[in-house]
Amino acid sequence: MDKLIQTAGSSALPVLIQGAVGTHKGVVARRIHTKSATEGTTLMRLQCRDLTEKNWDMLLNNAASPIHATGYTVYLENVDTLPKDLQQQVGTYIEDTKMTHRHRVISSSCCDLSAEVARGQFSSRLYLQLSGFTINVPSLAQRKEDIPAFVNMMIPQYNTALAKSTVGMEPDAMELMVEFEWPLNLVQLEKVLRQMIAASSGFYITAAEVAAVLQNEMRKVSALPPAVDLSGTLEDIERRVIEQVLREENMNQSAAAKRLGIGRSTLWRKIAGSGGK
260 MDKLIQTAGS SALPVLIQGA VGTHKGVVAR RIHTKSATEG TTLMRLQCRD LTEKNWDMLL
320 NNAASPIHAT GYTVYLENVD TLPKDLQQQV GTYIEDTKMT HRHRVISSSC CDLSAEVARG
380 QFSSRLYLQL SGFTINVPSL AQRKEDIPAF VNMMIPQYNT ALAKSTVGME PDAMELMVEF
440 EWPLNLVQLE KVLRQMIAAS SGFYITAAEV AAVLQNEMRK VSALPPAVDL SGTLEDIERR
500 VIEQVLREEN MNQSAAAKRL GIGRSTLWRK IAGSGGK
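Position in the sequence shown (from 1) plus 259 gives the number in our numbering.
Set out below in structure tokens:
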């Protein structure tokens with residue numbers, strides 16, 4: 260990863276960072292910025308999840324906005340969440356103003372954008388504009404051999420923050436950490452390790468202490484609602500949402516309709532209209 264970051268930083272190409280939630284794509288973006296020719300300038304972060312046509316227009320119509328200048332790093336975070344109309348507008352702005360020549364452009368995505376292009380869910384033009392150099396950040400489950408190094412690197416930071424004197428983990432405790440799947444990746448590892456250090460009473464975190472925190476973490480993750488498949492037509496997606504809410508409400512149509520913000524008769528028509536698919 261360090262070599263990829265160094266290569267990306269020394270190149271003028273736009274960089275696309277792809278990885279699951281919690282893999283610290285933002286940290287990778289900042290490290291690329293520090294290796295770039297724009298290192299001494301501000302990293303301008305645009306959270307695409309919150310970007311609307313209104314605030315995009317405000318950004319473009321503000322003559323003092325640094326996006327119109329030259330020589331900054333512009334970080335388009337979670338670019339995969341841009342609505343289709345904004346994908347087109349951002350792509351047009353990049354092309355018309357030669358933004359990738361004026362700025363160091365970095366973007367990030369929680370999914371494989373090339374697959375989204377193939378599905379027709381992401382602009383092929385914008386994808387080509389942003390993916391001059393692509394970095395795929397592996398999940399923690401794909402780099403379990405690095406977990407002990409991450410843990411040992413973070414312990415001194417949390418000791419300082421929590422006024423603790425933890426030296427490390429017992430071997431059995433570290434083995435449990437390596438075996439855990441970490442669905443929320445590094446963000447989850449950091450949170451869990453902080454809890455363990457805060458609760459630990461000795462110099463070394465024990466296997467029992469790790470097991471207690473990880474069991475609690477597993478309960479939290481298993482309690483999360485299942486994700487809805489967003490492939491297919493709008494009608495397909497709507498049907499899946501209705502089916503999921505009905506299951507969560509034990510097939511109680513009145514409760515499901517209330518949660519969905521529609522009338523019971525409307526819900527019944529939508530169920531009937533799906534043809535029992």
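No residue lacks a Cβ here, since even glycine has one placed at the ideal position from N, Cα and C.
- Under the three-state reduction of DSSP output, V426 falls in the coil class, being neither helix nor strand.
- Sequence-distant partners of M455 (beyond 5 residues in either direction) whose C-beta falls short of 7 Å from its own C-beta, in its chain, are I464, E468, V469, V472.
- In this structure, the CA atom of G427 is about 18 Å from the CA atom of F439.
- Of all C-beta pairs linking the stretch 387-394 to the stretch 416-432, fewer than three are shorter than 8 Å, placing the two stretches out of contact.
- Separation of the CB atoms of H292 and T329 is rounded to 16 Å, and the pair is thereby denied contact status at 8 Å.
- The three-state reading of DSSP puts F462 in coil, since its state is none of H, G, I, E or B.
- Comparing alpha-carbon positions, the option among D355, E312, I326, N321 lying closest to L341 turns out to be E312.
- The C-alpha of S383 is placed about 8 Å away from the C-alpha of A377.
- The continuous alpha helix (DSSP H) containing T359 extends over residues 358-361.
- V364 is bridged by DSSP to V333.
- Beta-bridge partners of V451 (DSSP): none assigned.
- With respect to the 7 Å criterion, S295 and V338 are not classified as neighbours on the basis of their beta carbons.
- With a cutoff of 7 Å on beta-carbon distance, L443 and G281 are scored as near each other.
- An exposed status is given to A420, since fewer than 16 other beta-carbon atoms sit within 10 Å of its beta-carbon.
- Counting every other CB atom within 10 Å of its CB across the protein chains shown gives P397 a total below 16, marking it as exposed.
- In the DSSP assignment, F392 falls outside any alpha helix (DSSP H) and lies within the beta strand (DSSP E) extending over 392-395.
- F381 places its beta carbon less than 7 Å from that of L372.
- With contacts defined by Cβ atoms closer than 7 Å, Y334 and L385 do not form a contacting pair.
- Assignment of beta-bridge partners to M303 by DSSP yields V333.
- In its chain, beyond the 5 residues on either side, G427 have a beta carbon closer than 8 Å to the beta carbon of N411.
- In the displayed model, I291 falls within a helix according to three-state DSSP.
- Look at Q380 here: in three-state DSSP terms it is coil, with no helix or strand label.
- Counting the other CB atoms within 10 Å of its CB gives M260 a total below 16, which places it among the exposed residues.
- Leaving aside the five residues that flank Q265 on each side, the residues in its chain whose CB is nearer than 8 Å to its CB run, in chain order, K294.
- Pairing R506 with A516 gives a Cβ-Cβ distance that is not under 7 Å.
- The residue among N321, H362, Y352 with its C-alpha nearest the C-alpha of T300 is H362.
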